[in-house]
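Comments concern the structure below.
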Amino acid sequence: MYDIFQTEKLIDLWLSEDIGHADLTAQLMIAEDAIGTFYMNAREPMHVAGIHVAARVFAKYDSQLKVTLHVKEGDQVTKGTKLLTVTGPARSILTAERTALNIAQRLSGIATETARYNAEIAGTQARLIDTRKTTPGLRMLEKHAVVCGGGLNHRLGLDSGVMLKDNHIAVSGSIMNAVANVRKLLPVLTKVEVECDRIAQVEEAIKAGADIIMLDNMSLEDMKTSVQLVAGKAKVEASGGISMKTIKAIAQTGVDFISTSKITQAAPPVDIGLDD
Numbered sequence: 006m007y008d009i010f011q012t013e014k015l016i017d018l019w020l021s022e023d024i025g026h027a028d029l030t031a032q033l034m035i036a037e038d039a040i041g042t043f044y045m046n047a048r049e050p051m052h053v054a055g056i057h058v059a060a061r062v063f064a065k066y067d068s069q070l071k072v073t074l075h076v077k078e079g080d081q082v083t084k085g086t087k088l089l090t091v092t093g094p095a096r097s098i099l100t101a102e103r104t105a106l107n108i109a110q111r112l113s114g115i116a117t118e119t120a121r122y123n124a125e126i127a128g129t130q131a132r133l134i135d136t137r138k139t140t141p142g143l144r145m146l147e148k149h150a151v152v153c154g155g156g157l158n159h160r161l162g163l164d165s166g167v168m169l170k171d172n173h174i175a176v177s178g179s180i181m182n183a184v185a186n187v188r189k190l191l192p193v194l195t196k197v198e199v200e201c202d203r204i205a206q207v208e209e210a211i212k213a214g215a216d217i218i219m220l221d222n223m224s225l226e227d228m229k230t231s232v233q234l235v236a237g238k239a240k241v242e243a244s245g246g247i248s249m250k251t252i253k254a255i256a257q258t259g260v261d262f263i264s265t266s267k268i269t270q271a272a273p274p275v276d277i278g279l280d281d
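Residue numbering for the sequence shown follows the numbering used here, starting at 6 and increasing by one per position.
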């Protein structure tokens, strides 16, 4: 689902950043005609994301490199799984190695963390969704990784939907006014979400006809009460204070979605190596 054209531009930037004018080590130590075969291996269990991007890094740097993928995006693999094989000029392989590994480790880390959170809410109706708290320039790739881990995407950008937060509501004077104002010119298929941090706001958002009501940093009891008040008139999203320790109990309140930045901002990279 990521933008192929944008990714091509990003790869150019990544390679330029890492290589500079030339890879001195590869140029000085490896013969120009040396051919090598290397394998990208999972050094721990993980959910795979970004392996196609890593493959493209090699191929874009040197079209003579042949890359064979052994797994698919979203695959769950064990330690020792061969992810891809790259064959061709050894200089080129070792020059592009770090850039390819960096993106595969980062995106697979997000997919793996997403899968961990998902496992905690299995058996409930709640679905895990991401946020706009992503690495600048990497949003679409990181959101792709969330999907690879079994999560869903929230807004891709500010143009993906209307979310009325406390400051928007303050400017309009009330939730009723804020929703009414945006409905006047809103594209007919675009959803309106209202952020609420207390039950009185939930009641007002229901009356205003919000499509989605976000429960922001509410207690479990207030979440349960809010879900009962909404009673299917809108989708309910829980956000704020989400962690591995809290997410299951939050899911059990009956909310439809749970959003957290932890799966993107706090996901540790997984260990992937390039071995001969």
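Using N, Cα and C, we set each Cβ at its ideal position, and we do this for glycine too.
query: What residues are listed by DSSP as bridge partners for Phe262?
result: BP columns for Phe262 point to Arg132 and Glu242.
- request: Answer yes if the stretch 245-254 comes into contact with the stretch 121-134, meaning at least three C-beta pairs across the two stretches below 8 Å, and no otherwise.
  value: By the criterion of at least three beta-carbon pairs nearer than 8 Å, the stretch 121-134 is in contact with the stretch 245-254.
- request: Throw me the rounded Cβ distance for the Leu146 and Gly55 pair, which I believe falls under 8 Å.
  value: Their Cβ separation, rounded to whole angstroms, is 7 Å, which keeps Leu146 and Gly55 in contact under 8 Å.
message: With H, G and I counted as helix, E and B as strand and the rest as coil, what does DSSP make of Met168?
response: Of the three classes helix, strand and coil, the one that applies to Met168 here is strand, per DSSP.
query: Just curious, the beta strand (DSSP E) that Gly2 is in, first and last residue?
result: Residue 2 falls outside the range modelled here, since the chain spans only 6 to 281, and no answer is possible.
- prompt: When burial is assigned at 16 or more other CB atoms within 10 Å of the CB, is Glu22 buried or exposed?
  reply: Residue environment analysis places Glu22 among the exposed positions, since fewer than 16 neighbouring C-beta atoms fall within 10 angstroms of its C-beta.
field: Spatial neighbours of Val152 in its chain, beta-carbon cut-off 6 Å, leaving aside the 5 residues before and after
entry: Take Val152, set aside five residues on each side of it, and no residue of its chain has a beta-carbon closer than 6 Å to its own.
task: Indicate whether the contact test is met: 3 or more Cβ pairs, each with one atom in the stretch 43-52 and one in the stretch 82-92, closer than 8 Å.
output: Segments in contact, yes.
task: Report the partner residues of Asp221 according to the DSSP bridge assignment.
output: For Asp221, which the question treats as bridged, DSSP gives the partners Ser244.
field: Distance CB(Ala239)-CB(Ile217) smaller than 8 Å
entry: Yes, the pair counts as a contact, with Cβ atoms nearer than the cut-off.
query: For Glu13, does the count of other Cβ atoms within 10 angstroms reach 16, so buried, or fall short, so exposed?
result: Exposed.
- request: State yes or no: is the C-beta of Asn46 within less than 8 Å of the C-beta of Asp281?
  value: Cβ atoms of Asn46 and Asp281: not closer than 8 Å.
field: Limits of the beta strand (DSSP E) - the one that Leu88 falls within
entry: First-last of the beta strand (DSSP E) with Leu88: Lys87 to Pro94.
- request: From the DSSP output, in three-state form, read off Glu208 for me.
  value: Collapsing the DSSP output to three states places Glu208 in a helix.
query: Using the rule of at least 16 other Cβ atoms within 10 Å of the residue's Cβ for burial, across every protein chain shown, is Asp171 buried or exposed?
result: That one is exposed.
- prompt: Under the three-state reduction of DSSP, which class applies to Ile268: helix, strand or coil?
  reply: If DSSP states are grouped into helix, strand and coil, Ile268 belongs with the helices.
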